[in-house]
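A short write-up of the structure that comes next.
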Amino acid sequence: MYTRIRDLREDMDLRQKDIAGYLACTQVCYSHYEIGKRDIPTDVLIKLADFYKTSIDYLLGRTDIRKPYPKSRQEH
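Just so we're aligned, residue 361 is where the sequence shown starts under the numbering used here, counting upward by one.
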């Protein structure tokens, strides 16, 4: 799971510091997400999935399909 968020970040040529800024956390906190030292909170998973335009299931390794799910009507 954790390699997915690292791979997505690296594919976009971003640094941990860049994503940490987007998430409003420290680089060290974000680094802990990437190496699996800290569980990723649900709100952070949602932000990452939106940022990378993918699904939480993809981030968690539950699917290999990167395409995000359609948004529900409540989220429009």
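No residue lacks a Cβ here, since even glycine has one placed at the ideal position from N, Cα and C. Just so we're clear, the structure is a prediction, and the values are computed from it rather than from any experiment.
- In the displayed model, S415 falls within coil according to three-state DSSP, outside both helix and strand.
- The C-alpha of A380 is placed about 11 Å away from the C-alpha of L408.
- Shown here, K427 sits in coil according to DSSP, grouped into three states, outside any helix or strand.
- Put simply, of T423, F411 and L419 the residue whose alpha carbon is nearest the alpha carbon of Y382 is F411.
- Sequence-distant Cβ neighbours of D378 in its own chain, meaning closer than 6 Å and more than five residues away, do not exist here.
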